[in-house]
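Residue numbers (my numbering): 6 to 225.
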């Protein structure tokens with residue numbers, strides 16, 4: 006999972022270098038950065054979706070005397086207010102999940118940063134609540150492949166939704182991703198009690214034959 010998140014983060018960085026490269030905090034004076042941060046302009050630049058550039062700017066803000074941690078969190082909060090997740094746009098939901106995973110990776114790399122931890126929670130929670138409410142209101146089917154994909158991605162990141170999913174749907178999802186270790190683990194946990202009962206039954210059934218074989222062998 007960590008390797009996948011790292012891959013996503015690298016993709017974000019590569020995409021970011023190709024667009025909105027003209028916006029720079031270095032063109033803004035320190036007083037403005039500290040007291041009147043240009044949130045709207047920053048969000049329009051798309052830098053929030055580019056973790057490497059965002060981290061660079063956070064360090065720059067701190068260097069200039071601004072509260073970089075607070076600004077990053079406020080940027081994420083404002084972003085979700087302006088572009089709330091909607092179940093009608095699966096591409097946008099997947100994008101927000103990728104952003105949350107990228108923030109989670111940044112928090113692993115910089116555990117002292119509360120902004121990355123809080124921002125990834127904001128994103129994960131927003132997507133999770135959107136899906137959960139849509140399913141409860143009957144607006145979405147939890148076994149729909151698109152919905153199931155998002156639900157399972159959330160669960161991989163320890164965000165468990167309070168919904169019912171069919172066993173076969175979950176199984177097909179993990180087969181499609183090639184998660185054979187997960188499938189084997191779930192299968193053995195689900196049926197380990199049955200395996201114990203079957204094993205005991207076989208032993209009980211075989212015991213008379215074993216005793217008979219020994220009796221014949223010793224008689225000879």
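No residue lacks a Cβ here, since even glycine has one placed at the ideal position from N, Cα and C.
Taking a contact to mean a Cβ-Cβ separation below 8 Å, would you say residue 73 touches residue 63 in this structure? A contact, by the Cβ cut-off of 8 Å.
Residue 150 versus residue 116 - alpha carbon distance: So the alpha carbons of these two residues sit roughly 34 Å apart.
Fill in: Euclidean distance between Cα positions of residue 98 and residue 132
Going by C-alpha positions, residue 98 is about 7 Å away from residue 132.
**Q.** Alpha-carbon to alpha-carbon, residue 140 and residue 167
**A.** C-alpha of residue 167 to C-alpha of residue 140: approximately 10 Å in a straight line.
field: the region 92–110 / the region 37–48 touching (three or more Cβ pairs under 8 Å)
entry: No, the region 92–110 is not in contact with the region 37–48.
* To do: Take the Cβ of residue 211 as the centre, count every other Cβ of all protein chains shown within 10 Å, and call the residue buried at 16 or more, exposed below.
  => Residue 211 should be labelled exposed.
| message | Just to confirm my understanding: we take residue 216, look at its own chain, exclude 5 residues before and 5 after, and list those with CB closer than 7 Å. What are they? | response | Once the five neighbours on either side are set aside, residue 216 has no close Cβ partner at all.
- Who are the Cβ neighbours of residue 77 in its own chain at under 6 Å, not counting the five residues just before and after it? Around residue 77: 63 and 120.
> So, using beta-carbon positions, are residue 102 and residue 155 closer together than 8 Å?
Replying inline: Taking C-beta atoms as the reference points, residue 102 and residue 155 count as a pair closer than 8 Å.
Please classify residue 158 as buried or exposed, where buried requires at least 16 other C-beta atoms within 10 Å of its C-beta. Classification for residue 158: buried.
- Query: If residue 108 and residue 134 are in contact, beta carbons under 8 Å, what's the gap, nearest whole angstrom?
  - Reply: Residue 108 to residue 134, Cβ: 17 Å. No contact.
Item to complete: Would you tell me roughly how many angstroms separate the C-alpha atoms of residue 29 and residue 138, rounded to the nearest one?
Response: If you take the alpha carbons of residue 29 and residue 138, they lie about 39 Å apart.
Point to revise | Three-state secondary structure (DSSP) of residue 74 | key: In the displayed model, residue 74 falls within a helix according to three-state DSSP.
Assigned secondary structure, residue 37 (DSSP; H/G/I helix, E/B strand, else coil): In the three-state scheme derived from DSSP, where H, G and I count as helix and E and B as strand, residue 37 is classed as helix.
Give every residue of the same chain whose Cβ lies closer than 8 Å to the Cβ of residue 87, excluding the five residues on either side of it in the sequence, and list them in chain order.
So the list reads 48, once near-sequence residues are dropped.
Between which two residues does the alpha helix (DSSP H) holding residue 97 run?
In the DSSP assignment, residue 97 falls within the unbroken alpha helix (DSSP H) covering 95–114.
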